[in-house]
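Peer 1: Input: one structure, supplied below.
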Amino acid sequence: MAVEEEQIALLVEQLHVAYGHVLALKDVSFAIPKGKMVGILGPNGAGKSTLIRSLLGLTPAFLGKVNFMEKSKKVAYVPQRSSVDLDFPITVQEVVSMGCYGRRGLFRRIDAQEKQKIAIAMEQTGLTSLAKRPIGELSGGQQQKTFLARALVQDADIYLLDEPFTGVDMTTENAMVQILQGLCKLGKTLCIVHHDLHRVQQYFDYILLLNVSLIACGPTQEVFHRENLRKAYGESGFFTEFS
Numbered sequence: 071m072a073v074e075e076e077q078i079a080l081l082v083e084q085l086h087v088a089y090g091h092v093l094a095l096k097d098v099s100f101a102i103p104k105g106k107m108v109g110i111l112g113p114n115g116a117g118k119s120t121l122i123r124s125l126l127g128l129t130p131a132f133l134g135k136v137n138f139m140e141k142s143k144k145v146a147y148v149p150q151r152s153s154v155d156l157d158f159p160i161t162v163q164e165v166v167s168m169g170c171y172g173r174r175g176l177f178r179r180i181d182a183q184e185k186q187k188i189a190i191a192m193e194q195t196g197l198t199s200l201a202k203r204p205i206g207e208l209s210g211g212q213q214q215k216t217f218l219a220r221a222l223v224q225d226a227d228i229y230l231l232d233e234p235f236t237g238v239d240m241t242t243e244n245a246m247v248q249i250l251q252g253l254c255k256l257g258k259t260l261c262i263v264h265h266d267l268h269r270v271q272q273y274f275d276y277i278l279l280l281n282v283s284l285i286a287c288g289p290t291q292e293v294f295h296r297e298n299l300r301k302a303y304g305e306s307g308f309f310t311e312f313s
């Protein structure tokens, strides 16, 4: 599906990424419209997390272009929980406060306006009562909400989330989805690596289907169908995901 240039939030052209001699992403090109909640789907090893990290420049591409088209180009990132050192001695409030670093730097004091943003983000995610708790003492769902709150403080145009629902219960997941859908209503663009195909149509209005190469990218009702899923997951993988 073609997207009008003025409506594009993210444009990727001929992206190639390799680990050694193994291609992780091959000739991936797509355009994401503004204000969409985008599900990034594909089997294990498809390159979903690599794509997120490449968009951020954390994993370099050897070929291709990534363009964030929003004027201010403010991008927030929620990493996989497994990639974070949860033993580091830091509290929930300190983690959430890190969302201010991009604006103020590491050594300037947090001002009153930023404190208010931090408090609002923690209230939204149900973390107020846990403010002084070390991050390592939280449940998986509470940790994921902490990383989401840090991203909310950044008040970004585009949010990139890598498996934000892993290790959370359905109550927590539903609460997080409501927050994310609220961001979309404010015109924010969200790209979310996701595994549970059963909830794709409930959560996402746009889909990027990947297996090293791009399988399809477009509105959920046009892209999320059996033929594309079989291309991405293979015959056996398709039925495994829906079992």
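Numbered continuously in my numbering, the sequence shown closes out at residue 313.
Ideal Cβ positions, reconstructed from N, Cα and C, are used throughout, including at glycine.
1) For S124, I'd like the list of residues in its chain whose CB is within less than 8 Å of its CB, leaving aside the five on either flank, ordered along the chain.
2) Grab the span of the beta strand (DSSP E) containing V108 for me, first residue to last.
3) Among residues of its own chain, excluding the 5 on either side of C287, which ones have a beta-carbon nearer than 6 Å to its beta-carbon?
4) Quick one, which of S153, A226, I190, I160 has its alpha-carbon nearest C261's?
5) Sort out for me which residues DSSP pairs S209 with in a bridge.
6) Mapping the DSSP letters down to three states, classify L81 as helix, strand or coil.
7) Apart from the five residues just before and just after M139, which ones in its own chain have a Cβ nearer than 7 Å to its Cβ?
8) Is V263 helix, strand or coil when you go by DSSP?
9) Within its chain, find whatever has a CB closer than 8 Å to the CB of A189; leave out the 5 residues flanking it on each side and keep chain order.
10) Kindly give me the distance between the Cβ atoms of T195 and I205, rounded to whole angstroms, as I take these residues to be in contact under 8 Å.
11) Are the CB atoms of H258 and G109 nearer to each other than 8 Å?
12) Can you tell me where the alpha helix (DSSP H) holding I277 begins and where it ends?
13) Quick check on K143: does DSSP put it in helix, strand or coil?
14) Whose C-beta lies closer than 6 Å to the C-beta of T242 among residues of the same chain, with five residues either side of it excluded?
15) Who pairs with K104 in a beta bridge, going by DSSP?
16) Check for me: the alpha helix (DSSP H) holding N244 runs from which residue to which?
17) Just checking my contact of Q224 with G169 at CB under 8 Å: how many whole Å lie between their CB atoms?
18) So, at 6 Å on beta carbons, what are the nonlocal neighbours of A302 in its own chain, with the 5 sequence-adjacent residues on each side left out?
Peer 2: According to the data block:
1) For the purposes of this step, residue 124 is taken as the residue at position 54 of the sequence shown. Counting only Cβ-Cβ distances below 8 Å, and skipping sequence neighbours, we find L85, V87, L95, P130, A131, V136.
2) By one-based count along the sequence shown, residue 108 stands at place 38. V108 -> beta strand (DSSP E) spans 107-111.
3) On the sequence shown, position 217 is the one that residue 287 refers to. Taken in chain order, the residues that qualify are F100, L278.
4) Along the sequence shown, read from residue 1 onward, the residue named residue 261 stands at position 191. Out of S153, A226, I190, I160, A226 has the C-alpha closest to the C-alpha of C261.
5) Here residue 209 refers to the residue found at position 139 of the sequence shown. For S209, which the question treats as bridged, DSSP gives no partner whatsoever.
6) Locating residue 81 in the sequence shown gives position 11, counting from the first residue. Of the three classes helix, strand and coil, the one that applies to L81 here is strand, per DSSP.
7) The residue you call residue 139 lines up with position 69 of the sequence shown. Around M139: I78, A79, L80, L81.
8) Here the question's residue 263 lines up with position 193 in the sequence shown. Reduced to three states, the DSSP call for V263 is strand.
9) Stepping through the sequence shown from its first residue, residue 189 is reached at position 119. These residues qualify, in order along the chain: T198.
10) Taking the first residue of the sequence shown as position 1, residue 195 is located at position 125. Taking the first residue of the sequence shown as position 1, residue 205 is located at position 135. T195 to I205, Cβ: 13 Å. No contact.
11) Position 188 of the sequence shown, counting from 1, holds the residue named residue 258. Position 39 of the sequence shown, counting from 1, holds the residue named residue 109. In the sequence under discussion, the amino acid at residue 258 is Lys, which differs from the His named in the question. No, these two residues do not count as a Cβ contact at 8 Å.
12) Along the sequence shown, one-based indexing puts residue 277 at 207. Counting along the chain, I277 falls outside any alpha helix (DSSP H), though it belongs to the beta strand (DSSP E) covering 276-281.
13) Position 73 of the sequence shown, counted from the first residue, corresponds to residue 143. Coil, per DSSP.
14) Within the sequence shown, the letter at position 172 stands for residue 242. Excluding sequence neighbours, T242 sits near G211.
15) Indexing the sequence shown from 1 puts residue 104 at position 34. According to DSSP, which records beta bridges pairwise, K104 is partnered with nothing at all.
16) Within the sequence shown, the letter at position 174 stands for residue 244. Note, N244: alpha helix (DSSP H), 240-255.
17) As a working note, residue 224 is residue 154 in the sequence shown. As a working note, residue 169 is residue 99 in the sequence shown. Yes, they are in contact, since the Cβ atoms of Q224 and G169 sit about 5 Å apart, within 8 Å.
18) Within the sequence shown, the letter at position 232 stands for residue 302. So the list reads G112, L279, N281, I285, once near-sequence residues are dropped.
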